[in-house]
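Residue numbers (this note's numbering): 7 to 667. Accompanying notes for the structure given below.
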Amino acid sequence: MKIGIFTKRTASKIVIGLTAVAVIATFTAASRRTKPMAYHNEYDLLQYRMMIEGDLPIQTSDMFIGSGKCAGCHGVDNAANPIANLTSEGENVSPSENWRATMMANSAKDPFWLAKVQHEISVNPSHEDELINKCTSCHAPLGRFEAVHDGIENYTMEMLAEDSLARDGVSCMACHSQQIETTGNVFSGELTYNADTVWGPLLNILDGDPPMFSPIMTSFVLVEPVGDEKFSKSEVCAGCHTLETHTVDLEGEFTGGGFIEQATYHEWLNSAYNAMDSYEGECQACHMPRTTEPIILASGYTFLPQREPYGQHWLVGGNSFMLELMKNNIETLGITANEDHFNTVIGRTLNQLHNETATLEITTDEVDGDTARYTVKITNEAGHKFPSGYPSRRAYIEFVMTDEDGNELFHSGKLMPDYEVEGQNADWEPHYDVITEDEQVQIYEMVMGDVNDNVTTVLERADHMIKDNRLVPLGFSVDHSAYDTTMIVGGAATDPNFNFVNGEEGSGTDEIHYHIPVSGIDGVVNVTARLMFQAVPPKWNEEMFAIDNPIINEFEAMYIAEGADPVEVAMDEATSTLLNVERYANFFRVSPNPTTTGQVRVDAAKDLIKEIGIYSINGALIERLRVGKSNAILQLPSSAGTYLLEVTTNRGTRVEKVLRK
């Protein structure tokens, strides 16, 4: 494993820290700036540097510093007239406040992750060291890599529990101290760090080689801040967001194979967003949206350059379920964020799910007396697969048809009281192009198979994918160099409507055709389609909850109390008129049929024709005519196609198809 360059801070930097005033003075003269317009007195500044910002850790190790130290300047501005980390509207954009309730900040306290680690260890206890080393590399990187620096071969969960920097999760230095040269080139938690440097994007910085933000930061936290435009690019995310695990058989023996547990970064590589030569194509564009005005980032140093644009540390994803669960267990989990922090992050998460993840559109196709046909088109608007990341996540389509009184006539994807989807197969549900029964449901998911090709949720046992029909991003191609890491597996790979429109690949869409039996049903019907998302569905937890372990049991209790409600991502509705063509015997005649002129005659012999309705083949009413005699001549629309005539006589109503050539 590459660990990177780890160096202890030098005595000279300690001297710099002890002579901060001299450093500031030198910096001010060298930059030819006027006297600093600091609005804090010395006592206020001391409080900033020494405070524990809402119990964020202020501890310092040989390699890292806690987020509480960073929050001293980059947290809440507690001055009488605060201006730092605020927009002109007064919105708090401080990195620490926006980050602290995210999944990243709580990655080492996430009870689902803690339970899953215990699950993996319980299955293969002899692999405990390897499992913990791998899992903590991304979920508790400051603790894990500090231990490696100190010569500790194997990190433990007991060490994590007593390590405030490890419990800080993916905190400030977990990202900002990555060696910029290796980002985008290392994966699976094989991160490389430089203990003496923090990186930021190359924006509004002071001149120098390398460009420096300010020796003020060096004087207080003993690391050198430098800038590189690469830090605002997707490569910074790659180290943890493509992950390969080592496969074992059912006896716990390594097979020599590997499994791609997640490949969010490589999914982005295999997308149109990777080809964009702008910030809008990077991961940060969605997950760290930029402000539209300059921001003062450091409390008390108004003479420093304002940052414009500034990428807000929202780090927003789609896992609102786990955010809600952690919000409801703050004290139990030892979380430093409060309910207001969580509510803000949950609101941003739901907004992203509702407005920036996917769209859904219903098209009404042919509707006749036997079958009502609809096409549901899903378009992925994310820069990676949806769902992406940890393989528990799934999305599914709920499709409902009701009559005018609200009675269900068809329901695919119905959620049961236990939060499972009705009708899904016990092992795994295949990918569908056409759905004809309630028991069939379109589920977008990754299904892992073990060496015996059985479904598993034990990551170490994952040998291959049985199914991966998760929605691919715009521009996705099977010919891309990253396709071996981002494959489509199962029925979706041969579905002509999956990632194809008019035969062109890369649409980032899927079309599902619903052919609903409606024989014997008349009247207006309403159809609704919803794209639903579940981050931790019950089916995924079955293997884990079967194990009796205190940490697993604790998460299970939280999980049951929370309830695994899915989130609606997108929806659409449509209305159709069903016409029962079999209810009555033939008691009128339509001629000519087919017609080349569009003119037809309806003759009911001695019966009285009360009215005639002309419908398109998809059930849309075109015209309704009152007749009052035994025959009528009609003119169909000019467009060629099949039309439906609903003829009502004194004996009842019947529907006839008419073809206009």
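We put the beta carbon where it would ideally sit given N, CA and C, even for glycine. Computed from a predicted structure; not experimentally measured.
Return helix, strand or coil for residue i, following the three-state DSSP convention.
{"i": "Gly81", "result": "coil"}
{"i": "Lys140", "result": "helix"}
{"i": "Ser597", "result": "strand"}
{"i": "Arg657", "result": "coil"}
{"i": "Ile668", "result": "One cannot answer for residue 668 here, as it falls past the ends of the chain, which runs 7 to 667."}
{"i": "Tyr438", "result": "coil"}
{"i": "Tyr649", "result": "strand"}
{"i": "Pro397", "result": "coil"}
{"i": "Trp274", "result": "helix"}
{"i": "Arg663", "result": "In the sequence on display, residue 663 carries Lys and not Arg. Looking at Lys663 - three-state DSSP - the assignment turns out to be strand."}
{"i": "Ser183", "result": "coil"}
{"i": "Thr251", "result": "strand"}
{"i": "Gln65", "result": "coil"}
{"i": "Arg476", "result": "coil"}
{"i": "Met110", "result": "coil"}
{"i": "Asn503", "result": "coil"}
{"i": "Pro117", "result": "helix"}
{"i": "Leu290", "result": "Checking the displayed sequence, the identity of residue 290 turns out to be Gln instead of Leu. In the structure shown, Gln290 sits in a helix (DSSP, three-state: H, G or I)."}
{"i": "Ile127", "result": "helix"}
{"i": "Leu228", "result": "coil"}
{"i": "Lys635", "result": "strand"}
{"i": "Glu451", "result": "coil"}
{"i": "Lys616", "result": "strand"}
{"i": "Gly497", "result": "helix"}
{"i": "His133", "result": "helix"}
{"i": "Ala281", "result": "helix"}
{"i": "Val233", "result": "The question names Val, but residue 233 is Gly in the sequence shown. Correct three-state label for Gly233: strand."}
{"i": "Thr369", "result": "strand"}
Locate the alpha helix (DSSP H) running through residue i, then write down its first and last residues.
{"i": "Ile557", "result": "556 to 568"}
{"i": "Arg354", "result": "345 to 361"}
{"i": "Thr338", "result": "336 to 339"}
{"i": "Pro147", "result": "147 to 155"}
{"i": "Val245", "result": "Here the sequence assigns Gly to residue 245, which means Val is not the residue at that position. Its alpha helix (DSSP H) spans residues 241 to 247."}
{"i": "Ser326", "result": "326 to 333"}
{"i": "Ser644", "result": "No alpha helix (DSSP H) holds Ser644; DSSP gives it neither H nor E."}
{"i": "Pro101", "result": "101 to 105"}
In whole angstroms, what separates the C-alpha of residue i from that of residue j?
{"i": "His486", "j": "Thr363", "result": "23 Å"}
{"i": "Lys75", "j": "Ser225", "result": "12 Å"}
{"i": "Lys391", "j": "Cys144", "result": "21 Å"}
{"i": "Thr534", "j": "Met577", "result": "7 Å"}
{"i": "Thr581", "j": "Ala488", "result": "42 Å"}
{"i": "Asp68", "j": "Thr463", "result": "38 Å"}
{"i": "Thr596", "j": "Val447", "result": "Inspection of the sequence shows that residue 596 is occupied by Val rather than by Thr. Each residue's Cα considered, the two are about 41 Å apart."}
{"i": "Gly78", "j": "His182", "result": "17 Å"}
{"i": "Leu665", "j": "Arg632", "result": "22 Å"}
{"i": "Ser238", "j": "Leu62", "result": "25 Å"}
{"i": "Thr491", "j": "Pro423", "result": "36 Å"}
{"i": "Leu480", "j": "Pro393", "result": "14 Å"}
{"i": "Asp4", "j": "Glu288", "result": "Coverage of the chain is limited to positions 7 through 667, which leaves residue 4 absent and any answer about it impossible."}
{"i": "His125", "j": "Met550", "result": "6 Å"}
{"i": "Tyr590", "j": "His521", "result": "Interpretation of Tyr590 is limited by its pLDDT of 49, a score under 50 that renders its predicted location unreliable; the figure taken from the coordinates is listed afterwards. Those two C-alpha atoms are separated by around 24 Å."}
{"i": "Ile64", "j": "His319", "result": "19 Å"}
{"i": "Asn91", "j": "His347", "result": "16 Å"}
{"i": "Thr342", "j": "Thr297", "result": "26 Å"}
{"i": "Val573", "j": "Glu579", "result": "18 Å"}
{"i": "Asp371", "j": "Ile494", "result": "28 Å"}
{"i": "Gly497", "j": "Val542", "result": "24 Å"}
{"i": "Gly323", "j": "Ala388", "result": "11 Å"}
{"i": "Lys41", "j": "Gly96", "result": "At Lys41, the pLDDT of 32 sits below 50, so the modelled position is not reliable and the matter cannot be decided from this model."}
{"i": "Val427", "j": "Tyr316", "result": "42 Å"}
{"i": "Ile618", "j": "Val530", "result": "17 Å"}
{"i": "Arg657", "j": "Ala570", "result": "54 Å"}
Starting from residue i, trace the beta strand (DSSP E) both ways and give me its first and last residue.
{"i": "Gln268", "result": "260 to 269"}
{"i": "Ile553", "result": "No beta strand (DSSP E) contains Ile553, which DSSP labels as neither H nor E."}
Do the stretch 194 to 210 and the stretch 106 to 120 meet, that is, are 3 or more Cβ pairs less than 8 Å apart?
No, because fewer than three Cβ pairs between the stretch 194 to 210 and the stretch 106 to 120 fall closer than 8 Å, the two stretches do not touch.
Cβ contact (3+ pairs, closer than 8 Å) linking the stretch 252 to 260 and the stretch 456 to 474:
The stretch 252 to 260 is in contact with the stretch 456 to 474.
Entirely within the stretch 508 to 550 and at least 3 residues each: give me those beta strand (DSSP E) ranges in chain order.
Within the stretch 508 to 550, the beta strand (DSSP E) runs of at least 3 residues that lie entirely inside it are, in chain order, 515 to 523, 529 to 540.
For the stretch 191 to 201 and the stretch 94 to 111, state whether three or more C-beta atom pairs, one from each stretch, are separated by less than 8 Å.
By the Cβ test, the stretch 191 to 201 is not in contact with the stretch 94 to 111, since fewer than three Cβ pairs between them sit closer than 8 Å.
Per the contact definition of three or more C-beta pairs closer than 8 Å, is the stretch 523 to 543 in contact with the stretch 401 to 413?
Taking 8 Å as the limit for Cβ pairs, the verdict is that the stretch 523 to 543 does touch the stretch 401 to 413.
Decide yes or no for the touch test of the stretch 427 to 443 against the stretch 473 to 480: beta carbon pairs closer than 8 Å, at least 3 of them.
Yes, since at least three Cβ pairs between the stretch 427 to 443 and the stretch 473 to 480 fall closer than 8 Å, the two stretches touch.
Any chance the stretch 555 to 563 sits against the stretch 598 to 610, with 3 or more Cβ pairs inside 8 Å?
With the cut-off at 8 Å, the stretch 555 to 563 and the stretch 598 to 610 do not touch.
Counting pairs of Cβ atoms below 8 Å between the stretch 560 to 574 and the stretch 322 to 341, do you hit three or more?
The way I'd put it, the stretch 560 to 574 does touch the stretch 322 to 341; three or more beta-carbon pairs between them come closer than 8 Å.
Those runs of the beta strand (DSSP E) which lie wholly inside the stretch 380 to 430 and span at least 3 residues
Correct list: 400 to 409, 414 to 418.
Report yes or no: do the stretch 156 to 173 and the stretch 130 to 143 share at least 3 C-beta pairs separated by less than 8 Å?
By the Cβ test, the stretch 156 to 173 is in contact with the stretch 130 to 143, since at least three Cβ pairs between them sit closer than 8 Å.
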